[in-house]
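Novice:
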Amino acid sequence: MTEEGITERLNRSIQSEGVFSYIKSGMQYLRFKHRGMEKVISEIKLLSVAINIRKLSSKIKADKLGFIRYKEVI
Numbered sequence: 057m058t059e060e061g062i063t064e065r066l067n068r069s070i071q072s073e074g075v076f077s078y079i080k081s082g083m084q085y086l087r088f089k090h091r092g093m094e095k096v097i098s099e100i101k102l103l104s105v106a107i108n109i110r111k112l113s114s115k116i117k118a119d120k121l122g123f124i125r126y127k128e129v130i
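First residue of the sequence shown: 57, per this note's numbering; consecutive thereafter.
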């Protein structure tokens, strides 16, 4: 593995740890409430939506949306 690959892998693992930490402590969510793969996947999707809304809300408050506009390459 290259140096760049190792750095990218390390950054990805660090980023996901923060989200899992927030789910466990910030949202007091320690285990799934339903049984069955389909229901668990639905819970994960709901958690993801909640986290993304929280991130979007904080970016809107800080006025740091940083939209990327489409730019035609000639």
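Every residue, glycine too, gets a C-beta built ideally from N, C-alpha and C. Just so you know, these numbers come straight off a predicted model, no measurement behind them.
Out of Gly61, Met93 and Tyr78, point me to the one whose CA is closest to Leu54's CA.
Specialist: Lying before the first or after the last residue shown, residue 54 is absent from the chain, which here runs from 57 to 130.
Novice: With Ile107 and Val75 assumed to form a contact (beta carbons below 8 Å), what rounded beta-carbon distance in angstroms separates them?
Specialist: Sure, about 6 Å apart at Cβ, within 8 Å.
Novice: Identify the continuous alpha helix (DSSP H) that holds Arg110 and give its terminal residues.
Specialist: Where Arg110 is concerned, the enclosing alpha helix (DSSP H) stretches over Met93 to Ala118.
Novice: Assign Thr58 to one of three DSSP states: helix, strand, or coil.
Specialist: Here Thr58 sits in coil by DSSP.
Novice: Go ahead and pull the three-state DSSP assignment for Arg68.
Specialist: Of the three classes helix, strand and coil, the one that applies to Arg68 here is helix, per DSSP.
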